[in-house]
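Asks: Residue numbers (numbering that gives the first Met the number 0), protein chains in the order written: chain L, 0 to 251; chain C, 0 to 200.
Backbone N, C-alpha and C define an ideal beta-carbon position, used for all residues, glycine too.
Predicted model only: the values in this text are computed from it and were never measured.
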Amino acid sequence: MDGLLRLSDVSKSYVRGDRQLRVMTDVSLTVGRREIVAIVGSRYEGKTTLLRVAAGLDKPERGEVWFEDLELTRCAEQERVRLLGKEITWVDRGGTGVRLQVLDYVGLPLALGRGHGRREARELAMNALERVGVADCARQHWSDLSNWERVLVALARGIAPAPRLMVVDDLLDGLGMNRTRDVSDLLSSVIAELDCGVLLSVSDVEAALEADRVFSFERAKLKLIAGQHDSSARVIAFPGEPRGGRGAGGRH
Amino acid sequence: MRARGGELSASMAVLGLVIDQPDSVSGVSRRLADRFPHARFARNSAHNNLPSLHRQGLVRLIAEGEQRSLDRYEATQKGRDRFRQSLRESSVAVPAVRDAMRARLEHVSDEADLLAVIAAIGEQEQACRAEYAAAHGRLRAAERARRAPGASAGDWRDAVRRALMVDEAVLWGTRAQRMQRLRESLRAEADPELGQDRGDV
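#1: List the whole-angstrom C-beta distance separating Ser23 of chain C from Leu86 of chain C, where the pair is believed to meet the contact cut-off of C-beta under 8 Å.
#2: Looking at the unbroken beta strand (DSSP E) that takes in Arg21 of chain L, where does it start and where does it end?
#3: Under the three-state reduction of DSSP, which class applies to Tyr104 of chain L: helix, strand or coil?
#4: Quick one, which of C:Val107, C:Ala9 and C:Ser89 has its alpha-carbon nearest Arg39 of chain C's?
#5: With 8 Å as the C-beta to C-beta threshold (strictly closer), list the residues of the region 167-181 of chain C near chain L in chain order.
#6: Given Phe214 of chain L, which residues of its chain have a CB within under 8 Å of its CB, disregarding the five upstream and five downstream residues?
#7: Measure the alpha-carbon distance for Val26 of chain L versus Lys11 of chain L and round it to whole angstroms.
#8: According to DSSP, is Gly196 of chain L helix, strand or coil?
#9: Exposed or buried, Arg83 of chain C, counting other C-beta atoms within 10 Å across all chains shown (16 or more means buried)?
#10: Which runs of the alpha helix (DSSP H), 4 residues or longer, sit entirely within the region 121-172 of chain C?
#11: Would you report the Cα separation of Arg146 of chain C and Asp184 of chain L, rounded to the nearest angstrom?
#12: Buried or exposed for Glu65 of chain C, please, with buried defined as at least 16 other CB atoms from any protein chain shown within 10 angstroms of its CB.
#13: Rounded to the nearest angstrom, what separates Leu109 of chain L and Ala159 of chain L at their Cα positions?
#14: Considering only their Cβ atoms, is the gap separating Thr95 of chain L from Trp141 of chain L smaller than 8 Å?
#15: State whether the region 194-207 of chain L contacts the region 151-165 of chain L, with contact taken as three or more CB pairs (one from each stretch) at a distance under 8 Å.
#16: Please return the same chain residues whose Cβ sits closer than 6 Å to the Cβ of His135 of chain C, not counting the five positions on each side in sequence.
#17: Do Leu208 of chain L and Val165 of chain C have their CB atoms nearer than 8 Å?
#18: For Met176 of chain L, decide whether its Cβ has a neighbour in chain C, counting only Cβ atoms nearer than 8 Å.
#19: Can the beta-carbon of Leu102 of chain L be found closer than 8 Å to that of Arg79 of chain L?
#20: Would you decide whether Asn48 of chain C is buried or exposed? Buried here means 16 or more other CB atoms lie within 10 Å of its CB.
#21: Once DSSP output is grouped into helix, strand and coil, what is the label at Thr179 of chain L?
#22: Any contact of the region 15-24 of chain L with the region 72-91 of chain L, i.e. 3+ C-beta pairs under 8 Å?
#23: Along the region 61-72 of chain C, where does the CB come closer than 8 Å to a CB of chain L? Name the residues.
#24: Counting only the same chain and skipping the five closest in sequence on each side, list residues whose C-beta sits under 6 Å from that of Ala124 of chain L.
#25: Where do the N-terminal and C-terminal ends of the alpha helix (DSSP H) with Val13 of chain C fall, by residue?
#26: Leu256 of chain L lies in the beta strand (DSSP E); which residues open and close that run?
#27: What residues of chain C sit near Ser142 of chain L, judged by a beta carbon separation below 9 Å?
#28: What does Leu208 of chain L touch in chain C if you count any residue whose Cβ is under 7 Å from its own?
#29: My parser needs the alpha helix (DSSP H) runs of 4 or more residues fully inside the region 44-116 of chain L; what are they?
#30: Report the option in C:Arg161, C:Val96, C:Val116 and C:Ala41 whose CA atom is closest to the CA atom of Asn177 of chain L.
#31: Restricting to Cα atoms, I'd like to know which of L:His115, L:Leu111, L:Ala153 and L:Glu119 is closest to Arg130 of chain L.
#32: So, for His46 of chain C: in the same chain, excluding its five sequence neighbours on each side, which residues have a beta-carbon less than 6 Å away from its beta-carbon?
Rendered as structure tokens:
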């Protein structure tokens, strides 16, 4: 099977009263290792639904979703739960309703049934916070963070378990050119270190510029708008070398 | 030589290119098309503007060619000063919006017109997407080079070049999005059945 993640002819709709809202029709997509694939579009076009299906959080009505050699659409709930938060991480700016310290917010998914003790989880969380340059936020609470710090903390939460696939929902929108460049550099170097792939959704075309391939929805169909169609045909620029340069570093 | 608000005049673009390097009329003409491919300056812009800039003392003729297109010019100090002044002057004027598609929509008078304009918007959207894809590809290549092992950190000029590349991709990407939104909303108006089943979730 080509690619880390493969969606094949996936369809999903919601029923609202006597109406059926088609969200995705025959969507096919792959994400390879060290590849960033972006879905760009306005809100309410189905981007998050696609990401949730790709992450195994929702089931499609039709089609297959494969994560490496495991079919997420058919595997047991227990297996999907095991994957999520470990092999596949979900990253957004949502934060948590619970008043946790950032260190616990990042470490919690590692401790919850995924084989790490609290101390180990906190250590991994701290490493991740350091990696993205916000270690000094560790003792703060989510509500005390700036928007930029939230982006970096969310990213730290995504990379802490060293996943093979990160699914990033609306994290990079509206950051402006310099911040977008910083977070893009960071994402790029992190995926090289982890040898993972990234599927992200954005509203802002600028935020999609780091992606190797960019898709958008049109009438529930997915269209490639930039990059090569086949991820397996993509040549990684510098084999064996990390793609990344400088990290995002500072906090503001 | 003053451009309309927000627009780059052909004479200013020509003067800037001659300041970059002395060149023949045909050389400037070629570079004008390369550097500003989307400005759609007239093909004879360099041919017309260099003699005019010469008369104003902004460029000087340094070698006469066998044909006018081979005449070589370089910028004078006055030309450099004028260009610098123009580069730095404040620009408060809102750029003129002369979007043909808006004008066409203003004059739609029946359903056949509307369907034709929707099709034209779709074509323009595809053209903008193609430009976005090309700009995205150029940016990705530049980013790979920037991140290559051993690549130099770059200076402010590199930062400006990158900002221009990002801006170009964003410009075409947002134009394509705008066309898509316009086309979809018009299509929903033209045919409510079509408008109902979009993925609005």
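Replies: Per the coordinate set shown:
#1: Not quite, the Cβ-Cβ distance comes to about 24 Å (not below 8 Å), so this is no contact.
#2: Arg18 to Val30
#3: helix
#4: C:Ala9
#5: Ala168, Val169, Gly172, Thr173, Ala175, Gln176, Gln179 and Arg180
#6: Leu28, Val36, Ala37, Ile38, Val39, Leu221, Lys222, Leu223 and Ile224
#7: 9 Å
#8: strand
#9: exposed
#10: none
#11: 9 Å
#12: exposed
#13: 8 Å
#14: yes
#15: yes
#16: Ala168
#17: yes
#18: yes
#19: no
#20: buried
#21: helix
#22: no
#23: none
#24: Leu102, Val105, Gly106 and Ala159
#25: Ala9 to Asp19
#26: Here chain L comprises residues numbered 0 to 251, so residue 256 of chain L is not present and cannot be evaluated.
#27: Correct list: empty, because the minimum Cβ distance to chain C is about 29 Å.
#28: His135, Leu138, Val165 and Ala168
#29: 46-53, 76-82 and 101-110
#30: C:Arg161
#31: L:Ala153
#32: Val24
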